[in-house]
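To start, the structure under review is shown below, and the notes come after it.
In UniProt numbering, the protein residues as written are 1 to 266.
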């Protein structure tokens, strides 16, 4: 049998088919990532951007608004707790801690109400259910049991707030919120030190509670109004050594390390 002659054009069509297949694969490779991106869930950064509003003091994020609310909530229960400690505390250190709480939160509450007014935010006017429960616990306690409960409940709350202050101070783009965070940082750190100086803080229990407990600053912040201020050049604010800002002397340490040996150059 004589071999069949090759069919003209078969090689051409075969080569064309390969090219078409390659092009189709390229199109699919380009379209799949685009489809995946369009249908992927929103990332935290996307949500943060979507919930950020413009103000004349810089962008105001959801975290910023939550922080302003929680500064107010902290004062609503920690200030009366401080007043109570001044009366019910059985040691000078506990009564001193109470006085620091009163002075610090009186100052911060004045500051946070001013910031909220300038940003057009609403603020809560009563503590959360959890905060009311803590006040009830302190109301029912007496003697050394009161001192211990006061020191540990308030130290736990301030530890939670302290971490929030640091996060906001590091990330905020709003000059008013940044300045408020500076004041909150100074005040909360003082309260942490003076509570520890009572000698009643159980640090092992505190570490467990901080790892497992909810947010003592308030679980559900109140709704906040979006400020009706248009975007524009950010207005800086003067860092607050504002009039009325409390100055804190360091509390007496519960225990002090021995002084470092001084060495003189020969």
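Ideal placement from N, C-alpha and C gives every residue a C-beta, glycine not left out.
Under 8 Å by Cβ, that's how I've got residue 135 and residue 101 pegged, so tell me the actual separation to the nearest angstrom.
-> Not confirmed; about 13 Å, so no contact.
Throw me the rounded Cβ distance for the residue 269 and residue 75 pair, which I believe falls under 8 Å.
-> Because residue 269 is not part of the residues shown, which for the chain are 1 to 266, the question remains open.
Confirm, please, whether the CB-CB distance from residue 156 to residue 206 is below 8 Å.
-> yes
Apart from the five residues just before and just after residue 148, which ones in its own chain have a Cβ nearer than 7 Å to its Cβ?
-> 200
Checking contacts by CB at 8 Å: is residue 109 closer than that to chain B?
-> Absent from the structure: chain B. Only one protein chain is present.
Is residue 73 helix, strand or coil when you go by DSSP?
-> helix
In the DSSP assignment, find the alpha helix (DSSP H) that holds residue 146 and state where it starts and stops.
-> 143-171
In DSSP terms, what residue 60 is bridged to = 53
Smallest Cα separation from residue 82: which of 117, 194 and 67?
-> 194
Within this structure, are the beta carbons of residue 72 and residue 124 separated by less than 8 Å?
-> yes
Label residue 65 either buried or exposed according to how many other C-beta atoms from any shown protein chain fall within 10 Å of its C-beta, with 16 as the threshold for buried.
-> buried
When you compare only the Cα positions, how much space is there between residue 57 and residue 160?
-> 27 Å
For the alpha helix (DSSP H) containing residue 140, list its first residue and its last residue.
-> 129-140
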